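Everything below concerns the one structure shown next.
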Amino acid sequence: MGFTLCFPVFLIGCIDFGGSRENDKVDILQEEKSPNGKYLAASFSCSGGGAAGYFYFNANLRKAGEELDQLDGLMGKHKDWKAFTDVEVRWIDDENLEVSYKQNESPAYKENNAVKVESKHGIKIHHLLKK
Numbered sequence: 294m295g296f297t298l299c300f301p302v303f304l305i306g307c308i309d310f311g312g313s314r315e316n317d318k319v320d321i322l323q324e325e326k327s328p329n330g331k332y333l334a335a336s337f338s339c340s341g342g343g344a345a346g347y348f349y350f351n352a353n354l355r356k357a358g359e360e361l362d363q364l365d366g367l368m369g370k371h372k373d374w375k376a377f378t379d380v381e382v383r384w385i386d387d388e389n390l391e392v393s394y395k396q397n398e399s400p401a402y403k404e405n406n407a408v409k410v411e412s413k414h415g416i417k418i419h420h421l422l423k424k
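Using my numbering, the first residue of the sequence shown is number 294, and each one after it goes up by one.
Written as structure tokens, this is what we have:
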């Protein structure tokens with residue numbers, strides 16, 4: 294009888310309730326090519342996670358021709374927290390990108406929101422907080 298009870302518990306322990314990141318639904322909300330055409334900046338939303346679920350916004354900077362990686366965001370320690378909204382990207386020139394957004398000002402988000410990518414691929418990223 295003990296073995297019969299342990300077997301179902303073992304099976305439940307093997308189920309991944311978190312879902313797979315490959316099943317995330319990523320929507321590119323805005324995408325801008327750098328003036329020289331070498332890079333793409335995008336604002337996007339991402340949802341997934343099955344029963345637990347998550348939905349968040351962020352920005353991404355990548356080389357032209359590369360796929361957007363939803364976990365390679367420019368803001369936040371935890372890339373899948375919904376800490377940022379109204380995200381927009383704007384190229385200043387080939388070496389400077391402006392990312393503007395609103396952020397959750399709750400004390401619980403303070404540590405998360407302190408993490409911002411300042412430079413990537415040699416491009417300086419200027420973060421502009423919207424009111």
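In this text, a Cβ means the ideal position worked out from N, Cα and C, and glycines have one as well. Because the structure is a prediction, the values reported are computed rather than measured.
Residues that DSSP places opposite residue i in a beta bridge
i	result
A352	S336
W384	L390
G343	None; G343 has no bridge partner.
Q363	In DSSP, Q363 forms no bridge with anything.
Cβ-based burial, residue i [other Cβ within 10 Å; buried from 16]
i	result
H419	exposed
L367	buried
First and last residue of the uninterrupted beta strand (DSSP E) at residue i
i	result
E324	K318 to K326
H419	I416 to L422
Residue range of the alpha helix (DSSP H) that includes residue i
i	result
K403	K403 to N406
Own chain, CB closer than 7 Å to residue i, minus 5 neighbours either side, in chain order
i	result
N437	Any property of residue 437 remains undetermined from this structure, which presents the chain solely from 294 to 424.
S393	E381, L421 and K423
Neighbourhood of residue i by C-beta distance below 6 Å, restricted to the same chain and skipping five residues each side
i	result
N334	Looking at the sequence shown, residue 334 is not Asn but Ala. Counting only Cβ-Cβ distances below 6 Å, and skipping sequence neighbours, we find E325, L354, V382 and L390.
Beta-carbon contacts of residue i that lie in its chain and below 8 Å, excluding the five residues immediately before and after
i	result
K375	Y347, F348, Y349, F350 and N397
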